[in-house]
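So in UniProt numbering, the last spot in the sequence shown is 382, and the numbers never skip.
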Amino acid sequence: MSKSGPGRVHFILTARSLSGWNSEFGKLGPTTSIIRSRMGKKGGGRLHQAQKAAKQSLQQGKKQKSQGPAAKRHKVGGSGGGIPKQQPHKQAKKKAPQPKQHTEPVIPFSPEETILLIGEGDLSFAASLAAHHGCTNLTATVLEKNIDELAEKYPHVHANISKICPPSNNNKILYNIDARKFAPFVRKPGGVGSPTIGLMDRIIFNFPHVGGKSTDVNRQVRYNQEMLVDFFKRAEASLSPGGSIIVTLFEGEPYTLWNVRDLARHSGLQVERSFKFQAGAYPGYSHVRTLGVLRDKKSGEITGGGWKGEERSARSYVFVRKDDRYRPPRGDQQQVVRRKRKRGAGDGEDGSSSDEEDEEYPGDDVEEEEEGDEENEESGRE
């Protein structure tokens with residue numbers, strides 16, 4: 001309170017000074033009565049205006065406080081004080097990894113069928129067919145001229161030969177059979193002058209390769225393509241009605257560059273299906289190099305090396321004559337599911353693209369191709 005001339009009293013009232021009074025302005029305490037008694041009528045009016053302004057200021061402050069961040073946190077946390085409750089953090093549900101499907105291996109032949117094996121290397125695949133799959137009409141062929149040359153490349157071959165040709169079956173081994181030049185296996189049911197019919201229900205060529213140590217990829221691709229074209233022509237002539245030709249290749253480059261599907265088309269064949277080759281379905285089988293076992297250059301002793309081709313991802317392609325009715329092997333009478341596949345640029349002979357039908361079977365493994373990094377010379381015929 002201050003004086004400004006006689007009989008005049010000025011009060012400087014603020015919200016802070018009024019807050020010392022009773023909190024509700026409708027119930028002013030005795031201090032207000034004393035001030036009013038000492039002031040004139042005019043002074044009381046000024047006091048009333050100051051009280052009113054202070055009251056409005058306090059109400060405005062309360063309103064802003066009730067709408068501020070602290071009030072909002074209080075509402076979220078509940079009616080009680082203290083630290084507001086936190087909303088539980090919802091973690092995104094992670095999808096459990098899908099287990100890789102292990103499909104049953106596809107066996108593209110029946111034991112009683114006539115089977116021709118080309119480029120058999122150490123004959124371990126043929127031995128597995130005879131000993132574990134019960135094949136009794138098996139003809140296994142090798143490029144080597146005789147048993148001595150074969151044993152020089154693969155010293156362990158004698159054990160496989162004993163499994164292939166027991167006296168109780170019709171299995172046989174033929175030497176000096178070139179995949180590019182062999183005479184067709186045919187018969188003439190009507191006698192001399194009658195049309196010939198192929199003898200073989202299944203013709204299998206596992207991991208074809210011309211061999212050699214060339215590092216020129218383009219040259220290797222061309223040589224192997226030429227070999228396969230010649231093979232398809234002779235194999236088609238040896239095929240019995242409804243039979244199939246099975247070619248197995250490693251997945252990835254350089255093998256995808258061979259375009260084995262297109263090579264077969266030039267010989268009147270088409271792909272019936274393809275499936276993952278599982279070496280484990282043939283106990284005793286091992287992949288070997290076309291050049292034979294690895295030997296030390298100085299001593300000539302077998303080094304063995306680390307080559308495990310049977311552990312590498314591979315795919316088998318089943319080819320049939322275009323106008324022939326395919327006869328699947330016994331135990332593989334699955335219904336064919338046809339779907340249209342878009343052929344990309346470069347698939348056709350002229351580089352164009354078109355639609356064509358692919359035939360698949362339930363359970364066929366259609367994994368993405370993996371690129372290989374093995375050297376060309378480590379690719380065998382088996």
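Glycine included, each C-beta is placed from N, C-alpha and C at the ideal position. Note that the coordinates shown come from a computational prediction; the quantities given were computed from them, not determined experimentally.
What would DSSP say about residue i, mapped onto helix, strand or coil?
i: Gln270; result: strand
i: Val192; result: coil
i: Leu143; result: coil
i: Arg315; result: strand
i: Lys55; result: helix
i: Leu123; result: coil
i: Arg234; result: helix
i: Gln220; result: helix
i: Lys322; result: coil
i: Glu226; result: helix
i: Ser110; result: coil
i: Asp355; result: Summary for Asp355: the model assigns pLDDT 42, below 50, so the residue's position carries little reliability, and this model does not support an answer.
i: Glu24; result: With a pLDDT of 43 at Glu24, under the threshold of 50, the modelled position of this residue cannot be trusted, and the question is left open.
i: Ser214; result: coil
i: Thr256; result: helix
i: Ser128; result: helix
i: Pro283; result: coil
i: Lys342; result: At Lys342, the pLDDT of 45 sits below 50, so the modelled position is not reliable; the number obtained from the coordinates is stated separately. Three-state result, Lys342: strand.
Could you give the first and the last residue of the continuous beta strand (DSSP E) run that contains residue i?
i: Leu150; result: Note, Leu150: premise wrong, no beta strand (DSSP E); alpha helix (DSSP H) at 147 to 153.
i: Ile173; result: 172 to 174
Under DSSP, the alpha helix (DSSP H) around residue i begins and ends at which residues?
i: Asp262; result: 260 to 265
i: Asn206; result: Where Asn206 is concerned, there is no enclosing alpha helix (DSSP H), although the beta strand (DSSP E) it sits in stretches over 200 to 206.
i: Phe250; result: That residue, Phe250, is in no alpha helix (DSSP H); its beta strand (DSSP E) goes 239 to 250.
i: Lys181; result: First-last for Lys181: undefined, no H or E at that position.
i: Asn160; result: 157 to 164
Per DSSP, which residues does residue i bridge with? Please list them.
i: Arg187; result: Ile197
i: Ile118; result: Phe205
i: residue 430; result: The first residue shown for the chain is 1 and the last is 382, placing residue 430 beyond what the model contains.
i: Gly138; result: One detail in the question is off: residue 138 reads as Leu in this sequence, not Gly. Beta-bridge pairing links Leu138 to Ile115.
Query - Cβ contact (3+ pairs, closer than 8 Å) linking the region 199 to 217 and the region 245 to 254 - result: yes
Requested in this report: For the region 188 to 197 and the region 152 to 165, state whether three or more C-beta atom pairs, one from each stretch, are separated by less than 8 Å.
Outcome: no
Query raised in the report: Quick one: any contact between the region 255 to 265 and the region 180 to 192, if contact means 3 or more CB pairs under 8 Å?
Result: no
**Report entry** Any 3 or more C-beta pairs closer than 8 Å across the region 111 to 121 and the region 129 to 147
**Finding:** yes
**Report entry** Segment contact flag, the region 168 to 184 with the region 220 to 235, C-beta cutoff 8 Å, min 3 pairs
**Finding:** yes
Report task. For the region 210 to 226 and the region 123 to 133, state whether three or more C-beta atom pairs, one from each stretch, are separated by less than 8 Å. Result -> no
Query raised in the report: Is it true that the region 310 to 317 meets the region 276 to 292, where meeting means three or more beta-carbon pairs spaced less than 8 Å apart?
Result: yes
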